[in-house]
Amino acid sequence: MNLSSSRPGAVDVAAPAGHACACGHEDTEKIVLDSRTIPHAIRHATIFGALGAIQPGFALDLIASHNPLPLLGQLESSRPGDFVVSYLENGPETWTIRLTRAN
3 MNLSSSRPGA VDVAAPAGHA CACGHEDTEK IVLDSRTIPH AIRHATIFGA
53 LGAIQPGFAL DLIASHNPLP LLGQLESSRP GDFVVSYLEN GPETWTIRLT
103 RAN
């Protein structure tokens, strides 16, 4: 699994105040999760776990090898209106979707 705090070529944005843990790291407004490296059997569960940890106003950039319409359908069914979905890259080999936590 490849998880990083920024997408290659992304512009850094000042992190909002309120980092609560004592880990010594700064929050960023978005996180990048490359789902292509996650085993298929746990892929959706891993993504939903990551999305559950995101605070309102933060975003996760999800990289996938296909258009993740089934995942987006599951997300809307289980957490309607909680995330705003924006396509940053639309195939044909790689899709990058920004999921911004609204609620």
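In the working numbering, each residue carries its 1-based index in the sequence shown increased by 2.
Cβ coordinates follow ideal geometry from the N, Cα and C atoms, glycine included.
Classification of residue i by the beta-carbon crowding that lies within 10 angstroms, buried from 16 upward
i, result
"I49", "buried"
"I40", "buried"
"S88", "exposed"
"P72", "exposed"
"L64", "buried"
Selected residue, minimal CA-CA separation from residue i, among the options
i, options, result
"P82", "Y89, W97, R103, L64", "R103"
"T98", "I44, A55, L62", "L62"
"I56", "L35, R45, I44, P72", "L35"
"I33", "H46, L53, L77", "L53"
"A47", "F60, Q76, H68, N69", "Q76"
"R100", "A66, S80, S79, P94", "A66"
"V86", "L74, T96, N92, N69", "L74"
"P94", "D84, G51, P70", "P70"
7 Å Cβ shell around residue i - same chain, five flanking residues per side excluded
i, result
"P58", "R103, A104, N105"
"R45", "S37"
Chain-order list of residues whose beta-carbon lies under 6 Å from that of residue i (same chain, five-residue window excluded)
i, result
"R38", "S67"
- prompt: Which ranges does the beta strand (DSSP E) cover as unbroken runs of at least 3 residues, wholly within the segment 39 to 104, from first to last along the chain?
  reply: Listed in chain order, they are 61 to 66, 85 to 92, 97 to 103.
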